[in-house]
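A.B. asks:
There are 2 protein chains.
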Amino acid sequence: MVILRHKLQLAFIVIVSIALGLLLPSFYKAANQAMGISKDVSTPKISLGNTDASFTRGDEKMLTHNSLQRQHLRSSRPPLPPSSPPQTHPCTCGKGSKLLKDFIPPEQYEELQQQRAKEWKQYKERTTSVLSKPLYALPNSPLQYPIQGFTVQPLQPTLIPGLGMYAETRNSYKVVLKVSRGILNVVKKTTEATVEGEGSSTLTVESSKPHVINELLSNVSYTSAFYHINSGDLATFQFEDDEVVFPIAIKRTQMPILYKMGKDISSQVTIITKTFLRYPQLNKLIDSIRLFYTSVKIIIADDSIEPQKVSGDNIEQYIMPPSQGWFAGRNLGVSQVTTKYFLWVDDDFLFTKDTKIEKFVEVMEAIPDLDLVGGSVKENRFYFSLFYEEGDEEEGGCLYRKSHGHFHTLPGYPECFLADGVVNFFLARTDSVRKVGFDPKLQRVAHSEVFMDGMGSLMVASCSGVSVGHQSNSKTNKEYMKFRKPGEKDKVSKNQLHFSKNYLKCVKWG
Amino acid sequence: MVILRHKLQLAFIVIVSIALGLLLPSFYKAANQAMGISKDVSTPKISLGNTDASFTRGDEKMLTHNSLQRQHLRSSRPPLPPSSPPQTHPCTCGKGSKLLKDFIPPEQYEELQQQRAKEWKQYKERTTSVLSKPLYALPNSPLQYPIQGFTVQPLQPTLIPGLGMYAETRNSYKVVLKVSRGILNVVKKTTEATVEGEGSSTLTVESSKPHVINELLSNVSYTSAFYHINSGDLATFQFEDDEVVFPIAIKRTQMPILYKMGKDISSQVTIITKTFLRYPQLNKLIDSIRLFYTSVKIIIADDSIEPQKVSGDNIEQYIMPPSQGWFAGRNLGVSQVTTKYFLWVDDDFLFTKDTKIEKFVEVMEAIPDLDLVGGSVKENRFYFSLFYEEGDEEEGGCLYRKSHGHFHTLPGYPECFLADGVVNFFLARTDSVRKVGFDPKLQRVAHSEVFMDGMGSLMVASCSGVSVGHQSNSKTNKEYMKFRKPGEKDKVSKNQLHFSKNYLKCVKWG
Numbered sequence: 001m002v003i004l005r006h007k008l009q010l011a012f013i014v015i016v017s018i019a020l021g022l023l024l025p026s027f028y029k030a031a032n033q034a035m036g037i038s039k040d041v042s043t044p045k046i047s048l049g050n051t052d053a054s055f056t057r058g059d060e061k062m063l064t065h066n067s068l069q070r071q072h073l074r075s076s077r078p079p080l081p082p083s084s085p086p087q088t089h090p091c092t093c094g095k096g097s098k099l100l101k102d103f104i105p106p107e108q109y110e111e112l113q114q115q116r117a118k119e120w121k122q123y124k125e126r127t128t129s130v131l132s133k134p135l136y137a138l139p140n141s142p143l144q145y146p147i148q149g150f151t152v153q154p155l156q157p158t159l160i161p162g163l164g165m166y167a168e169t170r171n172s173y174k175v176v177l178k179v180s181r182g183i184l185n186v187v188k189k190t191t192e193a194t195v196e197g198e199g200s201s202t203l204t205v206e207s208s209k210p211h212v213i214n215e216l217l218s219n220v221s222y223t224s225a226f227y228h229i230n231s232g233d234l235a236t237f238q239f240e241d242d243e244v245v246f247p248i249a250i251k252r253t254q255m256p257i258l259y260k261m262g263k264d265i266s267s268q269v270t271i272i273t274k275t276f277l278r279y280p281q282l283n284k285l286i287d288s289i290r291l292f293y294t295s296v297k298i299i300i301a302d303d304s305i306e307p308q309k310v311s312g313d314n315i316e317q318y319i320m321p322p323s324q325g326w327f328a329g330r331n332l333g334v335s336q337v338t339t340k341y342f343l344w345v346d347d348d349f350l351f352t353k354d355t356k357i358e359k360f361v362e363v364m365e366a367i368p369d370l371d372l373v374g375g376s377v378k379e380n381r382f383y384f385s386l387f388y389e390e391g392d393e394e395e396g397g398c399l400y401r402k403s404h405g406h407f408h409t410l411p412g413y414p415e416c417f418l419a420d421g422v423v424n425f426f427l428a429r430t431d432s433v434r435k436v437g438f439d440p441k442l443q444r445v446a447h448s449e450v451f452m453d454g455m456g457s458l459m460v461a462s463c464s465g466v467s468v469g470h471q472s473n474s475k476t477n478k479e480y481m482k483f484r485k486p487g488e489k490d491k492v493s494k495n496q497l498h499f500s501k502n503y504l505k506c507v508k509w510g
Numbered sequence: 001m002v003i004l005r006h007k008l009q010l011a012f013i014v015i016v017s018i019a020l021g022l023l024l025p026s027f028y029k030a031a032n033q034a035m036g037i038s039k040d041v042s043t044p045k046i047s048l049g050n051t052d053a054s055f056t057r058g059d060e061k062m063l064t065h066n067s068l069q070r071q072h073l074r075s076s077r078p079p080l081p082p083s084s085p086p087q088t089h090p091c092t093c094g095k096g097s098k099l100l101k102d103f104i105p106p107e108q109y110e111e112l113q114q115q116r117a118k119e120w121k122q123y124k125e126r127t128t129s130v131l132s133k134p135l136y137a138l139p140n141s142p143l144q145y146p147i148q149g150f151t152v153q154p155l156q157p158t159l160i161p162g163l164g165m166y167a168e169t170r171n172s173y174k175v176v177l178k179v180s181r182g183i184l185n186v187v188k189k190t191t192e193a194t195v196e197g198e199g200s201s202t203l204t205v206e207s208s209k210p211h212v213i214n215e216l217l218s219n220v221s222y223t224s225a226f227y228h229i230n231s232g233d234l235a236t237f238q239f240e241d242d243e244v245v246f247p248i249a250i251k252r253t254q255m256p257i258l259y260k261m262g263k264d265i266s267s268q269v270t271i272i273t274k275t276f277l278r279y280p281q282l283n284k285l286i287d288s289i290r291l292f293y294t295s296v297k298i299i300i301a302d303d304s305i306e307p308q309k310v311s312g313d314n315i316e317q318y319i320m321p322p323s324q325g326w327f328a329g330r331n332l333g334v335s336q337v338t339t340k341y342f343l344w345v346d347d348d349f350l351f352t353k354d355t356k357i358e359k360f361v362e363v364m365e366a367i368p369d370l371d372l373v374g375g376s377v378k379e380n381r382f383y384f385s386l387f388y389e390e391g392d393e394e395e396g397g398c399l400y401r402k403s404h405g406h407f408h409t410l411p412g413y414p415e416c417f418l419a420d421g422v423v424n425f426f427l428a429r430t431d432s433v434r435k436v437g438f439d440p441k442l443q444r445v446a447h448s449e450v451f452m453d454g455m456g457s458l459m460v461a462s463c464s465g466v467s468v469g470h471q472s473n474s475k476t477n478k479e480y481m482k483f484r485k486p487g488e489k490d491k492v493s494k495n496q497l498h499f500s501k502n503y504l505k506c507v508k509w510g
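Quick note, the sequences are listed as chains B and V, same order. Under full-length UniProt numbering, the residue at position 284 of the first sequence is numbered 284, and the numbers go up by one with no gaps. Under full-length UniProt numbering, the residue at position 162 of the second sequence is numbered 162, and the numbers go up by one with no gaps.
Now the structure itself:
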C-alpha cells in the first residue's frame with residue numbers, strides 16, 4: 001500500500017513538475033527525500049555493542065519513509081559502549097599495604113607468576129561465557145525478542161519466547177534467525193510460508209503475510225548442540241537491514257538441597273570447635289555449653305600431639321594428625337555437620353546466659369539471604385568490611401580489610417548490620433560455609449581469611465546482644481603458646497598464599 | 001529538517017492541488033498518510049512481557065509518520081509470553097519409581113511436608129531475584145538500552161551504559177528513567193537540559209536538543225540503595241508512549257580462588273580413601289599406590305571401631321567416631337585436601353600400571369570446565385545420566401537415574417564422554433566437590449547421591465583407559481560385612497532424605 005501511495009504521489013509530482021515547470025530543484029529534492037526516494041542511506045549491520053559503527057550501503061530498492069527515518073536516525077547514533085569489558089588497569093595499593101611480591105624468593109617469582117597466570121586464565125574460562133558480552137537494543141528496530149534471553153536445558157529443544165517482526169506493509173517478508181552453538185527447528189508448520197534451514201543453525205522464514213511470519217516465529221525451537229551445565233549461545237535475529245542479538249542461557253537445573261529442621265535447637269544447630277593441647281579449657285567450654293544446651297551436638301576437631309579422649313552424650317571427637325592447624329580443624333568440623341546451621345566457638349570460650357543461639361537462628365530464618373551472623377566475644381564485637389579491586393592481568397588485585405567497617409542494619413533487626421567479616425563466634429548456614437571452606441593450608445595465622453575467600457559468596461551480619469565468654473586463663477599454657485605464636489614462616493606462607501590463591505598484588509590490614 | 005521537508009512538500013502539494021484542481025481526494029489522502037498526518041493511534045504502556053496488552057489513547061498532537069507507523073504496527077501486536085514463569089505442574093513418576101511418601105510414617109507426613117515447603121520457599125528466595133522475570137524488547141521503540149543490563153557493586157555508583165533516545169524532530173524531548181531499589185544521578189551536568197529527581201529513584205531529563213539528551217543519558221549513574229552480594233533491580237526507561245525495561249544486576253565481586261600446581265603429580269593430586277575394619281586391604285592398597293606414586297599424599301578417613309595406627313611418609317590418618325559412615329568419611333577426606341585435585345579410591349582397590357592419574361589430570365587441565373572425571377574399577381566402567389523434573393510446589397520433583405546414560409564425547413578426547421555420574425574411582429577438582437559435598441547423613445547406602453546433589457553443579461566425564469584394580473578378598477571379612485550390608489533402616493532413611501533434602505516425589509533407579 002505504502003509503496004503504491006508513493007508511486008502515485010511520485011507520478012503526480014512528476015506530472016506537475018513537467019506541467020508547470022516552476023519547481024525549484026530544492027522542493028523536488030525535499031519532497032523526494034521526505035517520501036523516501038533516495039539512493040544513499042547507511043545502516044549499522046550489527047546490534048552488538050561495538051564501538052565503531054560499521055556502515056554498509058543500502059540497496060537500490062525504494063525505501064519506505066519508516067525505514068528511511070529509522071536509518072536517518074541511526075546514522076546519527078553516537079557509538080555504543082565497548083562490547084568487551086573495559087580494559088583492566090593496575091589497582092592501587094593503599095598506604096600501609098603489604099606488597100606480596102616481597103614475600104616470594106626472587107628466583108621463584110618468574111615461574112610462580114606464570115603458573116598463577118595460567119590458573120587465572122582457567123578461572124576466567126570457568127567463570128565467564130559468551131553471555132558476558134554486553135548487548136544493546138538498537139532504537140527503531142521492527143524486531144521483538146527476549147532481551148535477557150531465556151534458559152534451555154542442554155540438548156533439549158525449547159521454544160524461543162517472544163519473537164516477532166512488525167514492519168510496514170511489503171509484498172514479501174523475510175526474517176533470518178542465526179545461532180552458533182545449537183540448531184533451530186519449527187515445531188508447527190504452515191504452507192503459507194517458506195522455511196529454510198530447519199535442523200541447522202540458520203533459519204530463514206519468508207512469507208507475504210506478516211501474521212504468518214509471527215505465527216511461525218512463535219513456534220521456533222532451539223536445541224543446544226552440546227552438553228554443558230552452565231554455558232550459553234547468542235542468537236542473531238534479522239529482518240532486512242535490522243539485526244538484533246539476544247542471549248540464550250544453556251543451564252542444567254540444579255538439584256535443590258534443603259535442610260530438615262525440627263523445633264528444638266539441637267535439630268537446627270551443631271556446635272563445632274577445634275582444640276590443640278587445651279583440654280582443661282575445652283572441658284570447661286563443654287560444661288558451660290551443657291548448662292544451657294543439654295543435647296546440642298558438639299563436634300571437636302583435635303590435632304593435639306598426644307590426644308586425650310573427650311567423651312559425653314552428643315559429643316563427637318575427631319583425631320587429626322598432630323598440629324594440622326586451625327583451618328584444617330575448622331574445615332573438618334564443618335564437613336561433619338548434618339544440621340542446617342553450625343555455631344563456631346574457640347575451645348577457650350565460655351557459654352553464658354547471653355550466649356543465645358536461638359537469637360542467631362531467628363535472624364537467619366527471618367532473612368534467608370543471610371549466610372552467617374556473628375556476635376561478641378566478651379565485649380569484643382569485632383567486624384570488618386573489605387575493599388577489593390581486581391587489578392590487571394599481570395599484577396592482580398588489591399585488598400583492604402577495614403576494621404569496624406560495616407553496611408546498613410538488617411530490616412527488622414536494628415541491633416544487627418551487614419558486614420564482610422565478623423569475630424570468631426558466629427552461626428552460619430552449613431552449606432554456604434562449606435562452599436567457601438576454611439582453607440586447610442592456613443595453619444596458625446587465620447581468621448579473616450575465610451571471609452576474604454567468601455567475599456561475594458557469603459552474606460554476613462553482626463548482631464549485638466548475643467555474646468560468649470572467654471576463659472581468662474587460656475593464655476597460661478606454655479607448650480600451647482609455643483605453637484600458638486605464629487612464626488615468621490607462617491606469616492610468609494600466608495602472604496604467598498594470597499598471592500597465588502587470591503591473585504592479589506597487595507593486602508592492607510586496617 | 002524532516003519537519004521542514006514535510007512542510008515544504010505539503011505546501012507544494014496544496015498549492016498544486018489548488019492551482020490545478022484536478023486532484024482526486026485519494027491522492028491527497030495518500031500523500032497525507034504517507035507524510036504521517038493522522039489523529040487516531042493507540043500504544044501499549046508497558047514493555048514487560050505481559051499477556052494482556054493494555055492500550056491507552058494517544059494524544060491529539062500531530063504524530064510523525066514514524067510514530068504513527070510504530071503505533072499502528074504495535075496495536076496489531078499479538079500478546080507476549082507471560083511475564084511470570086509458567087505454572088508448575090506435577091511431574092510424572094516413571095514405571096518402577098519409588099514413591100518417597102511410602103517411606104514416611106503417615107502420622108509424620110503432614111508436618112514433614114509443611115516443614116519441607118517452608119525450606120523450599122527459602123530456597124526459592126535464595127535462588128531467584130527480580131531479574132528472573134522475562135523481559136522483551138518491543139519493536140519500533142526509539143529507545144536504546146543494555147538488554148542484558150549491567151552489573152553494579154552494591155552501594156557503589158556506576159554509569160549506566162548504552163542509553164539513548166532517537167526519535168524524530170520535536171520542539172522538546174523528555175525521557176524518564178525509573179528504578180525501584182536504588183538512586184539515579186547525573187555525573188556530568190549541562191545547562192542545555194532540565195534534570196529533575198537527581199538522587200532519587202526517578203530521573204527526568206528534558207531538552208530541545210536530542211544530542212543533549214543523549215549526552216546526559218551517557219552520564220547517568222545508578223547506586224543500589226541496599227547492600228546485597230547477589231541481587232538486582234529493574235530499570236524503566238520511557239519516552240512519550242514508549243517504555244522499556246532492562247535489568248541491573250547488583251553483585252559483589254567474588255574473590256578468585258586459584259590453586260597452585262607444581263610440575264610433579266604430588267603437588268597436583270591427593271589420594272583420599274575411607275576405611276572401616278579393613279586394615280589388610282587398606283595396607284595392600286597403600287603398598288600398590290607406592291609402587292607407582294612414591295610421594296603423593298594419602299588421606300585416610302577411619303571410622304573403625306578399634307582404630308589401628310596407619311603410618312608412613314605422606315600418609316595422614318584421621319580417626320573418626322566409630323562407624324560414622326561412608327559419606328562422613330569422604331567429606332572429611334575432601335575437607336583436608338590442599339591440592340587442586342583429589343583422587344577418590346575405596347580402601348579395597350589396588351593400583352596397577354593402568355592407574356594413570358596423570359591421564360586424568362591431563363584431561364582436567366585441557367578442559368577447565370570439567371569438575372570430575374571417572375575411570376574404571378577392573379573392567380567396570382560404570383556411569384549414568386539423570387533425568388529430573390522439578391514438579392509442582394506441593395509434591396516436588398521426579399528423578400530417574402539411568403545406568404549407562406551419557407552425553408557426547410569430549411573434544412580432543414574420544415575415549416572420554418560426558419555423563420552425570422561415574423564409578424567410585426575418579427579425579428575431581430577439590431573446590432568443586434567441596435561445594436557439593438558428600439552428605440554425612442548418608443552412612444551406608446551411598447555413591448550416586450553425590451552426583452544427584454551435584455546435578456547442575458558438576459561437569460562430569462568418564463574415560464576409558466584409566467582403571468584401578470579391586471582386591472578379590474575384600475568381601476571375606478565377616479565383621480565388616482555385618483556393617484557393610486545396608487539394613488532396611490538405611491534404605492528408608494535415604495529415601496526420607498531424598499524427600500526432604502531434594503524436594504523429590506519419587507526416584508527411579510534404572
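Beta carbons are placed, not taken as given, at the ideal position from N, Cα and C, and that holds for glycine.
Starting from the N-terminal side, write out each stretch of the alpha helix (DSSP H) that is 4 residues or longer and does not extend beyond the region 122-182 of chain B.
C.D. replies: With a minimum length of 4 residues, no continuous alpha helix (DSSP H) run stays inside the region 122-182 of chain B.
A.B. asks: Contact between the region 129-149 of chain V and the region 182-193 of chain V: three or more CB pairs below 8 Å?
C.D. replies: Counting Cβ pairs under 8 Å, fewer than three are found: no touch.
A.B. asks: Cα-Cα, which of V:Lys340, V:Ala366, V:Thr275 and V:Lys121 is closest to glycine 329 of chain V?
C.D. replies: Comparing Cα positions, the closest option is V:Thr275.
A.B. asks: Please classify lysine 284 of chain B: does DSSP put it in a helix, a strand, or coil?
C.D. replies: If DSSP states are grouped into helix, strand and coil, lysine 284 of chain B belongs with the helices.
A.B. asks: Determine the extent of the alpha helix (DSSP H) in which arginine 330 of chain B is found, giving its start and end residues.
C.D. replies: From DSSP, the alpha helix (DSSP H) with arginine 330 of chain B extends over 326-335.
A.B. asks: Under three-state DSSP, which class holds arginine 116 of chain V?
C.D. replies: Helix.
A.B. asks: So with Cβ pairs under 8 Å, would you call alanine 137 of chain V a contact of chain B?
C.D. replies: Yes - at least one Cβ of chain B is within 8 Å of the one on alanine 137 of chain V.
A.B. asks: Would you identify the three-state DSSP class for glutamate 107 of chain B, choosing helix, strand or coil?
C.D. replies: Correct three-state label for glutamate 107 of chain B: helix.
A.B. asks: Let me make sure I understand the geometry here. Which of B:Thr355, B:Pro90 and B:Leu99 has the alpha-carbon closest to that of phenylalanine 292 of chain B?
C.D. replies: Residue B:Thr355 is the option with its Cα nearest to phenylalanine 292 of chain B.
A.B. asks: Under the rule that 16 or more other beta-carbon atoms within 10 Å means buried, what is glutamine 9 of chain B, buried or exposed?
C.D. replies: Reliability fails at glutamine 9 of chain B, whose pLDDT of 41 lies under 50, so the model's placement of it is uncertain and no value is given.
A.B. asks: Could you tell me the alpha carbon to alpha carbon distance between phenylalanine 360 of chain V and glutamate 111 of chain B, rounded to whole angstroms?
C.D. replies: For phenylalanine 360 of chain V and glutamate 111 of chain B, the distance between alpha carbons rounds to 24 Å.
A.B. asks: Verify the CB distance criterion: does glycine 58 of chain B have a CB-CB separation below 8 Å to chain V?
C.D. replies: Because the pLDDT of glycine 58 of chain B is 30, which lies under 50, any placement of that residue in the model is unreliable, and the number read from its coordinates should be weighed accordingly. Chain V contact via Cβ: absent.
A.B. asks: Might you give, ordered along the chain, the residues of its own chain that have their beta carbon closer than 7 Å to the beta carbon of leucine 131 of chain V, omitting 5 neighbours on each side?
C.D. replies: Once the five neighbours on either side are set aside, the close Cβ partners of leucine 131 of chain V are Gly232, Pro247 and Ala249.
A.B. asks: Does the separation of the CB atoms of valine 450 of chain B and valine 436 of chain B fall below 8 Å?
C.D. replies: It is a contact, given that the beta carbons lie within the stated cut-off.
A.B. asks: Are the beta-carbon atoms belonging to glycine 391 of chain B and lysine 478 of chain B less than 8 Å from one another?
C.D. replies: Cβ distance not < 8 Å, so glycine 391 of chain B and lysine 478 of chain B don't count as in contact.
A.B. asks: State whether the region 278-292 of chain V contacts the region 396-411 of chain V, with contact taken as three or more CB pairs (one from each stretch) at a distance under 8 Å.
C.D. replies: Too few Cβ pairs lie closer than 8 Å, so no.
A.B. asks: So threonine 253 of chain V contacts chain B; which residues on that side make the cut at Cβ distance below 7 Å?
C.D. replies: What threonine 253 of chain V touches in chain B: Tyr388, Glu390 and Gly456.
A.B. asks: Assuming cysteine 398 of chain B and cysteine 463 of chain B form a contact by the criterion Cβ under 8 Å, report the distance between their Cβ atoms to the nearest whole angstrom.
C.D. replies: Not confirmed; about 30 Å, so no contact.
A.B. asks: Can you tell me whether glycine 396 of chain B is buried or exposed? The criterion is at least 16 other CB atoms within 10 Å of its CB, across all chains shown.
C.D. replies: It counts as buried.
A.B. asks: If you draw a straight line from the C-alpha of serine 472 of chain B to the C-alpha of isoleucine 300 of chain B, how long is it?
C.D. replies: If I take the Cα positions, the gap works out to 21 Å.
A.B. asks: List the residues that DSSP assigns as beta-bridge partners of phenylalanine 417 of chain B.
C.D. replies: Answer is B:Thr409 and B:Ser462.
A.B. asks: Within a Cβ cutoff of 6 Å, which residues of the same chain sit near histidine 447 of chain B, ignoring the five residues on either side of it in sequence?
C.D. replies: So the list reads Asn424, once near-sequence residues are dropped.
A.B. asks: Between which two residues does the alpha helix (DSSP H) carrying arginine 381 of chain V extend?
C.D. replies: No alpha helix (DSSP H) contains arginine 381 of chain V, which DSSP labels as neither H nor E.
A.B. asks: Kindly confirm or deny that the region 375-390 of chain V and the region 484-501 of chain V touch, where touching means at least three C-beta pairs closer than 8 Å.
C.D. replies: No, the region 375-390 of chain V is not in contact with the region 484-501 of chain V.
A.B. asks: Return the CA-CA distance between asparagine 50 of chain B and glycine 94 of chain V, expressed in angstroms with no decimal places.
C.D. replies: Any answer about asparagine 50 of chain B is weak, because its pLDDT of 33 lies below 50 and its placement is not dependable; what the coordinates show is given next. Roughly 50 Å between the two C-alpha positions.
A.B. asks: At the level of alpha carbons, what is the spacing between glutamate 119 of chain V and lysine 260 of chain B?
C.D. replies: One C-alpha to the other measures close to 8 Å.
A.B. asks: For chain B, check one thing: does any of its Cβ atoms lie closer than 8 Å to the Cβ of tryptophan 344 of chain V?
C.D. replies: No, tryptophan 344 of chain V does not count as interfacial toward chain B.
A.B. asks: State the start and end residues of the unbroken beta strand (DSSP E) segment that holds alanine 301 of chain B.
C.D. replies: Where alanine 301 of chain B is concerned, the enclosing beta strand (DSSP E) stretches over 298-302.
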